Amino acid sequence: MISVSNLSFTYSPNSEMSFPDFTVNSGEHFLLLGDSGSGKTTLLYLLGGLLRNYTGSVRINDVALENLSEHALDKFRGQHMGFVFQRNHLISALTVEQNLMMPAYLAGLPVQGERIESVLSSLKISDKKKSKVTKLSQGQAQRAAIARAIINRPSIILADEPTSALDDKHCHSVISLLMEVADQNKSTLLIATHDQRLKSEFSKKILLK
Amino acid sequence: MNIFTLVWSYLKARPLNTAINILLLSLGIAVITILLLFNNQLEEKISDNAKGIDLVVGAKGSPLQLILCNIFHVDLPTGNIKLFEAERIAKNRLIKTAIPLALGDSYQGYRIAGTNVNYPELYEATLAQGAWWKNNLEVTIGANVAALSKLKLNDEFASAHGLSQEGHAHNEHHYIVKGIMKQTNSVLDNLILTNVESVWIMHETSDNPFLSDSSKNISTKHSSLVPSVLRTDSSKEITSLLIKYRSALAAIQLPRLVNSQSSLQAAAPAYETARLFSILGVGVDIMMSFAYVLILISALSIFIALYNSLKERRYDMAVMRTMGASRTKLLMSILMEGGLLTLVGSLIGLLMGHSVLFILSNILEQTQKAGITGLIFYSQEWIILAGSLILGVLCSLIPAIQAYKTDISTVLSGN
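Protein chains in written order, with this note's numbering: chain D, 1 to 209; chain V, 1001 to 1415.
Right, dumping it as C-alpha cells:
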C-alpha cells in the first residue's frame, strides 16, 4: 500500500514541486500520467526512496520513508520494491542468471535457484540463462530487466517510462507482461509515463500537471 | 552470487585492461623479489663464510682482495708472508685461534688450500666418505668439488697453478683423494683441503728441504702453525692467517699491531664486506628504483582503469542502489577490485621472481657455486604482499569514494 500526503520536493530554491495526496491499495495497478517536467519521475523516485529531503509524508506498507535511516531505506527498498526503467540497465559484466541473483544478494535475502528458473520460464527466456546480457536482443533484455524487478516478489513495482522507446506492438506486450507478473506476485504496480497509448489499458490514473 | 563474483566479473569483462595492469605490477614485484632473494642469500652466505673469522693477516695489498681471496676464495692472493712472522702474530695472547692458509693451486678451477683441521672445524664440516687428510699430498674435497669434478676416493690428480683451469700443471707430484666432506653450504663445498706442506712440495722443484728440516734437531721448538717446520725456519711462506680473537680488546689492538709491521697487513671481514656491499648497493639501488617506477606506473594505470570504468558503470551503481545495495557495499566492491588486481599481480610477481632465480640457479654454474636458490622464502615477501594490497586499496580509493557518492536519482534520470 502506498499513501502520500502533503508531499512537496525542492530541487532548487525557486522550483518547488507539490504533489496531490493519493492512496494506492495493495495489488492495484495505477498509471502516473503527466507531461515532461510535470514531476512524475520525481514522484516515482520519492516513492522509491531514491530521493530524500522532501516535506510531507510517503508511507509504503505503513512505513514512513522519511523516518528511515539511509541504510534502513536501502534495505527496505531492496526487500519491498522492484524498479523497471526506460532502458534496461542490466549489469553488462554479468550473465542473465547472475543479474537475477543480484537483487536477492543486495537485499540480503537468500538466492533461490528455482525462483530464477520459474521467473525466466514465465518470461520465456529460460534459454538465455547463461548468456551475457550484451548478447540479448532488446526485447529479451527488457524481459530480463522485468524479471530482475520481480525476482524478490516485491510488494511494489515502480516503472519509469517502460514503454516510451518501444513501438506499438512491443509497448502492448511489455505492459501486459508487467500487469501479468504484478498479478502473479500480488504486487502493486505504478507506472509513470507520458505515453498516451497506455491510457486505455488502465482504469486508475493519477494525473500530474 | 557474492561481492567477490561481482568484482571478478567486472575484471573479466575488461580482459586486456586487467591483463596489462597485472603484468605491469607483477614485473615490478618480480624484480623486487629477485633482488630480495639474491641480496638476502648473498648476505647470508657472506656472513656464514666469515663466521668465526675476526681478522685476516696476509701480505700487503688491497684489504678487500685479502678478504675475497682468503675467506671467499674468489680472488688471487695478495702475496706470501713469512711463516715465522705469522708465527709471531699467532703467539699473541689476544688471539684465540690462528689458522694458516697456503693457497696458489687449483684443480679444474677448484682451489687447493693448504691448512690444518681447524679450518673445516670453523664451518662445522663433517665427512661424507673417507677420512681427513693426514699425510703429505692427501686431500679431503668439498661436496661440490666431488659432485662436479667427478673425483672419487683414492683418485689421483695433478694440480694446476693459479685459479684457472689452463694454469701451468704441476705434474711432478699427484694429490690423492682421501675424503669427501658433506655439504656445508659454505666455501668449503668448493675447496680441496690438504696440509700446508703439500702446497710447498708442489712448488719446490728440487729436493724437499722441509722433510730434512724436521729430521734435523728434535730439541728445537717447532712451529705451532705447521708443526713439521722449525719455528726459526725463515724460508717457509704461507698466504695468510685466519684469526679469531680471544677478547673484544683485540679488535682495537691487533689490527694496529699487525699493520705496523711493514710486511704484513690485517683486514677485518666485517668491515670489508660492509664496504663491498656499499659498492654493490649502487647497482641494487638502481634496479630497485626501476622496480618502484614499474609499480608506480601500474598503480597509476589501475587508478585510471578504475576511474574510467566507473564512468561506464554509473548506471550499474545506481541500479544496484535501487536493489538495496548500501553506499558502503559499493565502496567496498571498488576497493576490492583494486585490491584483487594488485593481490593477483603481486602473487604472480612473487612466483615469477622465484622461478627466474630457480631457472638461473639451474643453468648458471656461478650461482650454483654461490649456493643461490629460488626455493627459499623470506618473511619480507609477506610485506610485499601486504604492501601491494594496500597499494591496490589506495589507487582505488578515489574511484571508490565516487561510487560511494553516486546520487541514484541524478544518474538514473540521465543528468
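Yeah, the Cβ is synthetic: ideal placement off N, Cα and C, and Gly gets one too. Source: prediction; values computed, not measured.
Can you tell me which of the options puts its alpha carbon nearest to the alpha carbon of residue i?
i, options, result
"residue 61 (chain D)", "D:3, D:139 and D:200", "D:3"
"residue 23 (chain D)", "D:140, D:179 and D:5", "D:5"
"residue 1171 (chain V)", "V:1178, V:1160, V:1179 and V:1287", "V:1160"
"residue 1009 (chain V)", "V:1383, V:1313 and V:1133", "V:1313"
"residue 1375 (chain V)", "V:1005, V:1033 and V:1065", "V:1033"
"residue 1067 (chain V)", "V:1403, V:1330, V:1395 and V:1276", "V:1276"
"residue 1080 (chain V)", "V:1129, V:1121, V:1237 and V:1328", "V:1237"
"residue 125 (chain D)", "D:204, D:113, D:29 and D:139", "D:139"
"residue 1329 (chain V)", "V:1403, V:1005, V:1114 and V:1051", "V:1403"
"residue 1389 (chain V)", "V:1221, V:1345 and V:1235", "V:1345"
"residue 1227 (chain V)", "V:1130, V:1341, V:1197 and V:1143", "V:1197"
"residue 1007 (chain V)", "V:1337, V:1195, V:1366 and V:1185", "V:1337"
"residue 1059 (chain V)", "V:1224, V:1028, V:1288 and V:1241", "V:1241"
"residue 178 (chain D)", "D:116, D:209, D:90 and D:84", "D:84"
"residue 185 (chain D)", "D:164, D:204, D:115 and D:134", "D:115"
How is residue i classed by DSSP in three states: helix, strand or coil?
i, result
"residue 1400 (chain V)", "helix"
"residue 955 (chain V)", "This structure gives no information on residue 955 (chain V), because the portion of chain V shown stretches from 1001 to 1415."
"residue 1369 (chain V)", "helix"
"residue 159 (chain D)", "strand"
"residue 1218 (chain V)", "Because the pLDDT at residue 1218 (chain V) is just 44, under 50, the model does not fix this residue reliably, and the point stays unresolved."
"residue 1140 (chain V)", "strand"
"residue 209 (chain D)", "coil"
"residue 1391 (chain V)", "helix"
"residue 1105 (chain V)", "strand"
"residue 211 (chain D)", "Residue coverage of chain D in this structure runs from 1 to 209, which leaves residue 211 (chain D) outside it and unanswerable."
"residue 1171 (chain V)", "coil"
"residue 1063 (chain V)", "helix"
"residue 16 (chain D)", "strand"
"residue 1016 (chain V)", "helix"
"residue 1377 (chain V)", "coil"
"residue 59 (chain D)", "strand"
"residue 202 (chain D)", "coil"
"residue 106 (chain D)", "helix"
"residue 80 (chain D)", "helix"
"residue 1358 (chain V)", "helix"
"residue 1253 (chain V)", "helix"
"residue 1117 (chain V)", "coil"
Please work out which residues of its chain come closer than 7 Å, Cβ to Cβ, to residue i, disregarding the five sequence neighbours upstream and downstream, and give them in chain order.
i, result
"residue 1352 (chain V)", "1026 and 1030"
"residue 166 (chain D)", "174"
"residue 1284 (chain V)", "1035 and 1039"
"residue 129 (chain D)", "96, 97 and 120"
From the beta carbon of residue i, is the nearest beta carbon of chain D less than 8 Å away?
i, result
"residue 1322 (chain V)", "yes"
"residue 1357 (chain V)", "no"
"residue 1282 (chain V)", "no"
"residue 1416 (chain V)", "This structure cannot speak to residue 1416 (chain V), because chain V is shown only from 1001 to 1415."
"residue 1274 (chain V)", "no"
"residue 1291 (chain V)", "no"
What in chain V is Cβ-close to residue i, meaning under 7 Å?
i, result
"residue 85 (chain D)", "1412"
"residue 105 (chain D)", "1001 and 1002"
"residue 89 (chain D)", "1315 and 1319"
"residue 101 (chain D)", "1001"
"residue 111 (chain D)", "1001"
Please list the partners that residue i has in chain D, where partner means a Cβ-to-Cβ separation under 7 Å.
i, result
"residue 1326 (chain V)", "71 and 74"
"residue 1409 (chain V)", "45, 50 and 51"
Residue i versus chain V: which residues are under 8 Å apart at the beta carbon?
i, result
"residue 194 (chain D)", "The contacting residues do not exist; residue 194 (chain D) stays about 14 Å from chain V at best."
"residue 140 (chain D)", "What residue 140 (chain D) touches in chain V: nothing, since even the nearest Cβ is about 18 Å away."
Along chain D, which residues have their Cβ under 9 Å away from the Cβ of residue i?
i, result
"residue 1009 (chain V)", "91, 93, 94, 95 and 98"
"residue 1305 (chain V)", "Chain D residues near residue 1305 (chain V): none, gap ~14 Å exceeds 9 Å."
Excluding the five sequence neighbours on either side, which residues of its own chain have a C-beta within less than 6 Å of the C-beta of residue i, listed in chain order?
i, result
"residue 19 (chain D)", "7 and 43"
"residue 1207 (chain V)", "Summary for residue 1207 (chain V): the model assigns pLDDT 45, below 50, so the residue's position carries little reliability, and this model does not support an answer."
"residue 1216 (chain V)", "Model confidence at residue 1216 (chain V) stands at a pLDDT of 42, short of 50, so the residue's coordinates are unreliable and nothing is read from them."
"residue 1218 (chain V)", "Residue confidence for residue 1218 (chain V) is low, a pLDDT of 44 falling below 50, so the modelled location carries little weight; the figure read from the coordinates is stated next. Once the five neighbours on either side are set aside, residue 1218 (chain V) has no close Cβ partner at all."
Could you tell me whether the Cβ of residue i comes closer than 8 Å to any Cβ of chain V?
i, result
"residue 39 (chain D)", "no"
"residue 24 (chain D)", "no"
Which residues of chain D have a Cβ atom closer than 8 Å to the Cβ of residue i, listed in chain order?
i, result
"residue 1013 (chain V)", "92 and 93"
Given residue i, which residues of its chain have a CB within under 8 Å of its CB, disregarding the five upstream and five downstream residues?
i, result
"residue 152 (chain D)", "78, 79, 82, 103, 104, 107 and 109"
"residue 1047 (chain V)", "1273"
"residue 1111 (chain V)", "1073, 1103, 1105, 1163, 1190, 1191 and 1192"
"residue 1331 (chain V)", "1400, 1401, 1403 and 1404"
"residue 1209 (chain V)", "A caution first: residue 1209 (chain V) carries a pLDDT of 45, below 50, which makes its placement in the model too unreliable to give a value."
Just the chain V side, please: which residues come within less than 9 Å of residue i by C-beta, in chain order?
i, result
"residue 77 (chain D)", "1321, 1322, 1323 and 1324"
Does any residue of chain A bring its CB to less than 8 Å from the CB of residue i?
i, result
"residue 1026 (chain V)", "This model lacks chain A altogether, as its protein chains are D and V."
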